[in-house]
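Asks:
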Amino acid sequence: MLTEKKVSTSLGELHVWDSQVGEPVLFVHGFPLDHSMWIKQSDRFADQYRVIAPDLPGFGMNASYSGTLTMKQMADALVEMLDGLELTQPVTVCGLSMGGYVAWQLILHYPERIEDLILCDTRAAADSDDVRQGRLKLAAQVLASGAGLVADSMPAKLFAPVTIESNKPCVEITRQVIQACPPETIAAALLGMAERPDVTGELPEIAHRTLVVCGEHDVITPPAEMEQMARSLPKAEFHLIPDAGHMAPLENPLRVNQVLESFLKR
Numbered sequence: 562m563l564t565e566k567k568v569s570t571s572l573g574e575l576h577v578w579d580s581q582v583g584e585p586v587l588f589v590h591g592f593p594l595d596h597s598m599w600i601k602q603s604d605r606f607a608d609q610y611r612v613i614a615p616d617l618p619g620f621g622m623n624a625s626y627s628g629t630l631t632m633k634q635m636a637d638a639l640v641e642m643l644d645g646l647e648l649t650q651p652v653t654v655c656g657l658s659m660g661g662y663v664a665w666q667l668i669l670h671y672p673e674r675i676e677d678l679i680l681c682d683t684r685a686a687a688d689s690d691d692v693r694q695g696r697l698k699l700a701a702q703v704l705a706s707g708a709g710l711v712a713d714s715m716p717a718k719l720f721a722p723v724t725i726e727s728n729k730p731c732v733e734i735t736r737q738v739i740q741a742c743p744p745e746t747i748a749a750a751l752l753g754m755a756e757r758p759d760v761t762g763e764l765p766e767i768a769h770r771t772l773v774v775c776g777e778h779d780v781i782t783p784p785a786e787m788e789q790m791a792r793s794l795p796k797a798e799f800h801l802i803p804d805a806g807h808m809a810p811l812e813n814p815l816r817v818n819q820v821l822e823s824f825l826k827r
C-alpha cells in the first residue's frame, strides 16, 4: 500500500507516494502529468518493491512553479527527496518522456544513487530547432490562455489510435490531469525541456543496466529512434510494446508490467 508523504526540497515541498518496504523503484512521470500515470505499475509492484512515485515540482498536488524548470533542477529535487525519505541505497529509476529526461540527469550527475535505469517512451537527443521554437511558442500561449490548449491537443499525440477508440476513460482521465496542471508549471517545464542538453554522446559511458521500452505506435519518440538509443547503451535491452503509443505503461500495462517484472527480478 502506498502512503502519501510530503518532503521538503529546494524546489518546494514534494508530494510523494511510498510503499516503504522492499528494493526501491522511483517512478518519474511525464509532461504535464503526475504520479497517477503510474497507477497500473504501483498497483502491480507495491507489494514486492518499494514503489516511490512523486509528483514532480510544480505538478500534481505540489505548488505551481514559475520561470524555467530544468531537467537538472528536477533531478536535484528528487535526490533531495530521497534524502528526506532517508533512502541511502541506490534506486532503480523509471522515467517516461520528460521523466526520462530527468532520469538522464540523475544517471549522469548522481550515478552512485542509481541501481538500474528504465526508460519509457523518451529520447536522449535535445530538441530540434523547430521543436524548441514550438515549445517556446506553446509556453507563451499557455500563459496567455490556460492549460486547456494542451489538454485538448495532447491526447491525440500521447495515445495510440486503438487506445483512443477502446479506452476512452483512460484518455479522459489523462486529459483532466493535464487540464488541472497550472499554466505556469506547463510553461516552466516547456522552457526547461527546450533547453535540455543532448546526452547522446554520453550513452556509451553509462554502465548501468538499462531497460528501454517503447509503444509501437509512439509518434513522439518513435520506436526506431528508441531502438537506436538502446543500441548505444552498453547494457541495454529494448522492448516494443504492442497496442500502445507514447503512454505505454497506461495503454498496455499488462505487457509493460511483464517486461518490468522480468527486468527487476534479475
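In this note's numbering, the protein residues as written are 562 to 827.
The beta-carbon is built from N, C-alpha and C at its ideal position, and this holds for glycine as well.
Predicted model, so just to flag it, every value in this text is computed and none were measured.
Let me know the alpha helix (DSSP H) ranges lying completely inside the segment 745-779, each 4 residues or longer, listed in chain order.
Replies: Listed in chain order, there is nothing to give.
Asks: Tell me the residue span of the alpha helix (DSSP H) that contains Ser569.
Replies: Here residue 569 corresponds to residue number 8 of the sequence shown, with the count starting at 1. Where Ser569 is concerned, there is no enclosing alpha helix (DSSP H), although the beta strand (DSSP E) it sits in stretches over 564-570.
Asks: For Trp578, which beta-bridge partners are listed by DSSP?
Replies: Within the sequence shown, numbered from 1, the residue matching residue 578 stands at position 17. In DSSP, Trp578 forms a bridge with Glu565, Ala614.
Asks: So what's Glu786 in DSSP terms, helix, strand or just coil?
Replies: On the sequence shown, position 225 is the one that residue 786 refers to. Glu786: helix per DSSP, three-state reduction.
Asks: Just to confirm, are Pro716 and Thr746 a CB contact at a threshold of 8 angstroms?
Replies: Walking along the sequence shown from the start, residue 716 turns up at place 155. Walking along the sequence shown from the start, residue 746 turns up at place 185. No. Outside cutoff.
Asks: With three or more beta-carbon pairs closer than 8 angstroms as the criterion, would you say the segment 810-817 touches the segment 697-706?
Replies: They do not touch, by the three-pair rule.
Asks: Mapping the DSSP letters down to three states, classify Ala791 as helix, strand or coil.
Replies: The count along the sequence shown starts at 1 and reaches residue 791 at position 230. Of the three classes helix, strand and coil, the one that applies to Ala791 here is helix, per DSSP.
Asks: Return the CA-CA distance between Leu594 and Pro795, expressed in angstroms with no decimal places.
Replies: Residue 594 sits at position 33 when you count from the first residue of the sequence shown. Residue 795 sits at position 234 when you count from the first residue of the sequence shown. Leu594 and Pro795: Cα-Cα distance of roughly 31 angstroms.
Asks: Taking Pro585 as part of the beta strand (DSSP E), name the residues at either end of that continuous run.
Replies: Working through the sequence shown from its first residue, we reach residue 585 at position 24. 585-589 is the span of the beta strand (DSSP E), which, as asked, contains Pro585.
Asks: Going by CA-CA distance only, name the one from Leu639, Ser627, Cys681, Met632 that's closest to Lys567.
Replies: One-based indexing of the sequence shown puts residue 567 at position 6. Lys567 has its Cα closest to that of Leu639, out of Leu639, Ser627, Cys681, Met632.
Asks: Counting only beta-carbon atoms, is Leu710 nearer than 8 angstroms to chain D?
Replies: Absence of chain D from the displayed structure is noted, only one protein chain being present.
Asks: Kindly give me the distance between the Cβ atoms of Val652 and Pro585, rounded to whole angstroms, as I take these residues to be in contact under 8 angstroms.
Replies: Taking the sequence shown and counting its residues from 1, the one referred to as residue 652 is at position 91. Taking the sequence shown and counting its residues from 1, the one referred to as residue 585 is at position 24. About 4 angstroms separates the two Cβ atoms, so the contact holds.
Asks: With DSSP run on the structure shown, which of helix, strand or coil describes Leu669?
Replies: The residue you call residue 669 lines up with position 108 of the sequence shown. Three-state DSSP puts Leu669 in a helix.
Asks: Following the continuous alpha helix (DSSP H) through Ile679, name the residue where it begins and the one where it ends.
Replies: Residue mapping note: residue 679 aligns to position 118 of the sequence shown, counting from 1. Where Ile679 is concerned, there is no enclosing alpha helix (DSSP H), although the beta strand (DSSP E) it sits in stretches over 675-681.
Asks: Counting pairs of beta carbons, one from the segment 604-617 and one from the segment 726-743, are three or more of them closer than 8 angstroms?
Replies: The segment 604-617, when compared against the segment 726-743, does not touch it at the 8 angstroms Cβ threshold.
Asks: In this structure, does DSSP put Leu594 in helix, strand or coil?
Replies: Against the sequence shown, residue 594 aligns to sequence position 33. Here Leu594 sits in coil by DSSP.
Asks: Rounding to the nearest angstrom, what Cα-Cα distance links Ala721 and Asn728 in this structure?
Replies: Working through the sequence shown from its first residue, we reach residue 721 at position 160. Working through the sequence shown from its first residue, we reach residue 728 at position 167. If I take the Cα positions, the gap works out to 10 angstroms.
Asks: Excluding the 5 residues preceding and the 5 following Glu574 in the sequence, name in chain order all residues of the same chain whose CB lies nearer than 6 angstroms to its CB.
Replies: Taking the sequence shown and counting its residues from 1, the one referred to as residue 574 is at position 13. Cβ neighbours of Glu574 beyond the five flanking positions: Lys567.
Asks: Expressed to the nearest angstrom, what Euclidean distance is found between the alpha-carbon atoms of Gly753 and Leu630?
Replies: Here the question's residue 753 lines up with position 192 in the sequence shown. Here the question's residue 630 lines up with position 69 in the sequence shown. The straight-line gap from Cα to Cα measures roughly 5 angstroms.
Asks: My output table needs one value for Gly660: the three-state DSSP class, helix, strand or coil.
Replies: Locating residue 660 in the sequence shown gives position 99, where the first residue counts as 1. In the structure shown, Gly660 sits in a helix (DSSP, three-state: H, G or I).
Asks: Compare the Cα-Cα distances from Lys826 to each of Leu772, Asp779, Thr782, Trp599 and report the closest residue.
Replies: Mapped onto the sequence shown, residue 826 falls at position 265. Checked all of Leu772, Asp779, Thr782, Trp599; the closest Cα to Lys826 is Leu772.
Asks: Quick check: what's the CA-CA separation for Thr570 versus Met642?
Replies: If you number the sequence shown from 1, residue 570 lands on position 9. If you number the sequence shown from 1, residue 642 lands on position 81. For Thr570 and Met642, the distance between alpha carbons rounds to 6 angstroms.
Asks: Once you ignore the five residues that flank Ala791 on each side, which residues in its own chain have a CB closer than 6 angstroms to its CB?
Replies: Working through the sequence shown from its first residue, we reach residue 791 at position 230. Cβ within range, chain order: Val773, Ala797, Phe799.
Asks: Are Ser627 and Ala749 touching if we call contact CB-CB under 8 angstroms?
Replies: By one-based count along the sequence shown, residue 627 stands at place 66. By one-based count along the sequence shown, residue 749 stands at place 188. It is a contact, given that the beta carbons lie within the stated cut-off.
Asks: What did DSSP end up calling Leu828 once you bin it into helix, strand or coil?
Replies: Limits of the chain in this structure are 562 at one end and 827 at the other, which puts residue 828 out of reach.
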